[in-house]
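Position 69 of the sequence shown, counting from 1, maps to 69 under the UniProt record's numbering, and the rest follow consecutively. Here's the structure we're looking at; comments come further down.
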Amino acid sequence: MAARRGALIALEGVDRAGKSTQGRRLVEALREAGHRADLLRFPDRTTEIGQLISSYLGREKNLEDHTIHLLFSANRWEHVPMIKEKLHQGITVVVDRYAFSGVAFTSAKGNFCLDWCKQPDVGLPKPDLILFLQLSPEAAAERGNFGHERYETSSFQEKVLQSFFCLMEDKTLNWKGCGIQFSVQSSFPEGTCCRDYSIVEAHGLTH
1 MAARRGALIA
11 LEGVDRAGKS
21 TQGRRLVEAL
31 REAGHRADLL
41 RFPDRTTEIG
51 QLISSYLGRE
61 KNLEDHTIHL
71 LFSANRWEHV
81 PMIKEKLHQG
91 ITVVVDRYAF
101 SGVAFTSAKG
111 NFCLDWCKQP
121 DVGLPKPDLI
131 LFLQLSPEAA
141 AERGNFGHER
151 YETSSFQEKV
161 LQSFFCLMED
171 KTLNWKGCGI
181 QFSVQSSFPE
191 GTCCRDYSIV
201 EAHGLTH
C-alpha cells in the first residue's frame with residue numbers, strides 16, 4: 001500500500017505576525033497527533049542565495065527590486081526537491097512564508113503587477129492549505145525587534161497587507177484566516193485556530 005502523501009501547509013502574514021512561533025507550535029501539535037511533520041522557513045538564510053538575501057534585508061547590501069524578487073524565488077526553488085521528497089514520504093511540511101510573501105512584498109513596492117510577481121514561482125508545489133495570520137501592521141509594530149530589517153515599517157506593511165488581500169481572492173487556493181490578536185506567548189489551543197485547521201483539514205486533503 002502506498003504511503004499517504006504529506007500535506008504542504010504555508011503560514012503567511014505581515015512581518016512580526018507570529019509566523020515563526022506558530023509554525024513551531026503547529027509542527028509540535030501535528031507530531032503530538034501522530035503525524036510526521038517538519039518546519040521550513042523562507043528565506044532560508046543558510047544557503048548562498050539566502051545569505052545574499054539576508055544581507056539585503058539587513059541593509060548591508062542594496063539590490064535592484066527585480067533582482068531581489070528573483071533571488072527570493074530562487075531560494076524557494078532550491079528547496080523544491082527536498083519538499084517533494086518529504087511529501088512523497090508522507091511527511092507534512094509547514095513553511096514559514098512561501099511564494100505569496102514574495103508576491104505581496106514586491107507588489108507592495110509599486111510599479112509591479114501581481115501577474116509579473118507570480119511568474120517566477122509558477123510550478124512550485126501547491127500548498128494544500130494556506131494559513132493567513134491576521135494581525136494589523138500597527139499591532140505587529142508593537143512587537144519586539146520590529147524595524148530592524150528593510151521592510152519593517154508600518155506604512156509598507158500596510159501595503160503588503162493589501163496585496164495579501166488581493167491574493168486571497170484566488171479561489172483556486174485554500175486560504176484560511178487565523179485571528180492572532182494575542183501575545184505570542186499564548187499556547188495552543190487558546191491563542192489561535194491554526195492547530196485545528198491544520199490537523200482536521202490539511203490532513204483530510206492528503207492523497
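Ideal Cβ positions, reconstructed from N, Cα and C, are used throughout, including at glycine. As the structure is a prediction and not an experimental result, all values here were calculated from the model.
In chain order, what residues of the same chain lie with their CB nearer than 8 Å to the CB of residue i, ignoring the 5 residues before and after it?
i: I53; result: P43, R45, I68, L71, F72, N75
i: G50; result: P43, D44, N75
i: S55; result: K61
Using 10 angstroms around the beta-carbon of residue i, count the other beta-carbons present and answer buried if the total reaches 16, otherwise exposed.
i: residue 239; result: Nothing in the structure corresponds to residue 239, since the chain is present only between 1 and 207.
i: D115; result: exposed
i: A86; result: A quick correction: the sequence has Lys, not Ala, at residue 86. Answer is buried; the Cβ neighbour count reaches 16.
i: R97; result: buried
i: Q22; result: buried
For residue i and residue j, I'd like the C-alpha separation in whole angstroms.
i: Q181; j: L131; result: Only weak support is given to the placement of Q181: the predicted model assigns it a pLDDT of 46, under 50, and the value that follows is read from those uncertain coordinates. Roughly 15 Å separates the two Cα atoms.
i: L63; j: R4; result: 42 Å
i: A99; j: G18; result: 18 Å
i: T172; j: G123; result: 15 Å
i: C166; j: W175; result: 12 Å
i: R25; j: N111; result: 37 Å
i: M82; j: K126; result: 14 Å
i: A202; j: E158; result: Because the pLDDT of A202 is 49, which lies under 50, any placement of that residue in the model is unreliable, and the question is left without a value.
i: D170; j: H148; result: 32 Å
i: D65; j: R59; result: 14 Å
i: C113; j: A33; result: 41 Å
i: W77; j: L8; result: 15 Å
i: G90; j: K84; result: 10 Å
For residue i, which residues in the same chain have their Cβ closer than 7 Å to its Cβ, ignoring the five residues on either side in sequence?
i: F105; result: Y151, V160
i: K118; result: V103
i: H79; result: L40, D44
i: F156; result: A108
i: residue 210; result: In this structure the chain extends from 1 to 207, so residue 210 is not present and cannot be described.
Grab me the residues of residue i's own chain with a C-beta within less than 6 Å of its C-beta, minus the 5 sequence neighbours each way, in chain order.
i: V27; result: A37, L39, V94
On the DSSP bridge assignment, give the partners of residue i in chain order.
i: I9; result: V94, L129
i: A37; result: T92
i: K176; result: L131
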